[in-house]
Amino acid sequence: MQLYILGILLFSLVSSLLLSDVYAESEIDCPNCIQISSYDVELYKQLFPLIVWTDSQIYDHNSIIQVNGYLRPQNSVSPIMAVVTNPIGNVVTVEQFSPDIDGNFSLKLNTQSQLWKQDGDYILKVQSGSDTQLFKTKFTLVSSIIDNADKCNASNEISILANNGRIYCIPFKITKGTVTSAEGKLNLDTKTITLEINGHDIDSIIFDIPRYILDSKSTAGNDSVFIVLYNGKIAEYQELDSDSNSRQIKLNYPIYKKSTFEIVGTNVIPEFGSITILILLVSIMSILIITKSSHVFVKF
């Protein structure tokens, strides 16, 4: 019997080591991470006992990330633990603190450390006491962020002003014709790029969209279609070459000299649709059943 148990323990240890190697080489996804925009904070305070959000969604490796959060005062018996993991799941920061009397808290994260050297999605988890008071969000680190429109090449790149105050570049090319002016805006909250282009005699236009700026993924993590609008109406497009860094889409250019395109990613800010509400209700019911069976009452 002892040899049997020892064999099981040895097998478990070897399996854990092998699995850790596998997961260390692949990026960790976070389907239940929620990115809260500034104007939705009050809504989420009503929905969850503990929330956290960052001042932007994209940073470089020379940034100070401003983190803010809220824990309902009636739930603030235990201190808050904040843990940040990098794209492959390694812990880069652990902090513990208490909220103020109103339940608010904040902290700053410095991305200059060698622990933050990897590009990709970083997961921030905050927890206070039980598992029912846990919230996850995420943000993205990139090698560099273009802060000046002059750094975009006007002949083949469009300057995109994001609602975080930064400017990004979207490469493009046309078949025939001439582009006289082009500018764009990026709404990080709704994952929408709006492009206003002036030109003449243009047949088609190709946008090479960097994935860190805008992407569209299915729930399984695969590429899914963008929603493309022309002057507010659905427009057809052709997807060309795509790789791990960018996706190319081709649109026929209308006959008008001035055109407005909107490109929407499917990974927009979390919306509480019927499926999400159902999941939320099931989760709350499960918590109530468990706490009732253990004679513990958890306040939301």
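Numbers 0 to 299, taken from numbering that gives the first Met the number 0, label the letters of the sequence shown in order. Think of the CB as a built atom: it goes at the ideal place given N, C-alpha and C, for glycine as much as any other residue.
Query raised in the report: Per DSSP, what kind of secondary structure is P170 in: helix, strand or coil?
Result: The residue labelled residue 170 in the question sits at position 171 within the sequence shown. If DSSP states are grouped into helix, strand and coil, P170 belongs with the strands.
Query raised in the report: What number of angstroms, rounded off, separates the C-alpha of D59 from the C-alpha of N74?
Result: Indexing the sequence shown from 1 puts residue 59 at position 60. Indexing the sequence shown from 1 puts residue 74 at position 75. C-alpha separation (whole angstroms): 35 Å.
Report task. Have a look at L194, V83, T177, T174 and flag the residue whose alpha-carbon is nearest the alpha-carbon of G183. Result -> Within the sequence shown, numbered from 1, the residue matching residue 183 stands at position 184. Nearest of L194, V83, T177, T174 to G183, Cα basis: L194.
Query raised in the report: Excluding sequence positions up to five away, which residues of its chain have a Cβ less than 8 Å from the Cβ of N85?
Result: Here residue 85 is taken as the residue at index 86 of the sequence shown, counted from 1. Closer than 8 Å at the Cβ level, and outside the excluded window around N85, lie V91, L114, W115, Q117, G119, Y121.
Report task. Could you spell out the range, first to last residue, of the beta strand (DSSP E) harbouring V66? Result -> Along the sequence shown, one-based indexing puts residue 66 at 67. That run of the beta strand (DSSP E) goes 63 to 70.
Query raised in the report: Can you tell me whether DSSP reads V224 as helix, strand or coil?
Result: Counting from one through the sequence shown, the residue named residue 224 turns up at place 225. Looking at V224 - three-state DSSP - the assignment turns out to be coil, as it is neither helix nor strand.
Report task. Report yes if the C-beta distance between G233 and L213 is below 8 Å; otherwise report no. Result -> Here residue 233 corresponds to residue number 234 of the sequence shown, with the count starting at 1. Here residue 213 corresponds to residue number 214 of the sequence shown, with the count starting at 1. First, the amino acid is wrong: residue 233 is Ile here, not Gly. No.
Requested in this report: Determine which residues share a DSSP beta bridge with P209 and list them.
Outcome: Position 210 of the sequence shown holds residue 209. DSSP, once it has assigned bridges, lists S245 as partnering P209.
Query - Sufficient close CB pairs (3 or more, under 8 Å) joining the segment 68 to 83 to the segment 124 to 141 - result: yes
Query - Y252 (DSSP reduced to helix, strand or coil) - result: One-based indexing of the sequence shown puts residue 252 at position 253. Correct three-state label for Y252: coil.
Query - Buried/exposed call for V178, threshold 16 Cβ in 10 Å - result: For the purposes of this step, residue 178 is taken as residue 179 along the sequence shown, with counting starting at 1. Classification for V178: buried.
Query raised in the report: When the Cα atoms are used, what is the spatial distance from G128 to K216?
Result: Here the question's residue 128 lines up with position 129 in the sequence shown. Here the question's residue 216 lines up with position 217 in the sequence shown. Cα to Cα, G128 sits roughly 33 Å from K216.
**Report entry** Residue nearest to L239 in terms of C-alpha spacing, selected from I208, F260, M80, F138
**Finding:** Walking along the sequence shown from the start, residue 239 turns up at place 240. Among I208, F260, M80, F138, the Cα nearest to that of L239 is on I208.
Query raised in the report: Quick one: what's K190 bridged to in DSSP?
Result: Walking along the sequence shown from the start, residue 190 turns up at place 191. DSSP output for K190 lists no bridge partner at all.
Query raised in the report: Got a sec, what are the start and stop residues for the alpha helix (DSSP H) L46 sits in?
Result: As a position in the sequence shown, residue 46 is number 47, starting the count at 1. From DSSP, the alpha helix (DSSP H) with L46 extends over 40 to 46.
Query raised in the report: Can we say the segment 198 to 208 touches the segment 247 to 255, given the rule of at least three CB pairs closer than 8 Å?
Result: yes
Requested in this report: List the endpoints of the continuous beta strand (DSSP E) containing E235.
Outcome: Locating residue 235 in the sequence shown gives position 236, where the first residue counts as 1. Counting along the chain, E235 falls outside any beta strand (DSSP E), and DSSP gives it neither H nor E.
Report task. Grab me the residues of I100's own chain with a C-beta within less than 8 Å of its C-beta, minus the 5 sequence neighbours each way, in chain order. Result -> Position 101 of the sequence shown, counted from the start, is the residue given in the question as residue 100. These residues qualify, in order along the chain: P72.
Report task. Can you give me the start and stop residues for the beta strand (DSSP E) that V83 sits inside? Result -> What you label residue 83 is simply residue 84 of the sequence shown in a count that begins at 1. Start and end: 79 to 84.
**Report entry** CB-CB length for I35 against T136, believed under 8 Å
**Finding:** In the sequence shown, the residue the question calls residue 35 occupies position 36. In the sequence shown, the residue the question calls residue 136 occupies position 137. That pair is a contact at about 7 Å.
Query - Reduced DSSP category for S37 - H, G, I as helix; E, B as strand; rest coil - result: Taking the sequence shown and counting its residues from 1, one reaches residue 37 at position 38. Of the three classes helix, strand and coil, the one that applies to S37 here is helix, per DSSP.
Query raised in the report: Who are H199's beta bridge partners in DSSP?
Result: Within the sequence shown, the letter at position 200 stands for residue 199. Answer is T177.
**Report entry** Which listed residue (S180, F96, Q65, N251) has its alpha carbon closest to that of T174
**Finding:** Against the sequence shown, residue 174 aligns to sequence position 175. Closest option to T174, Cα to Cα, is N251.
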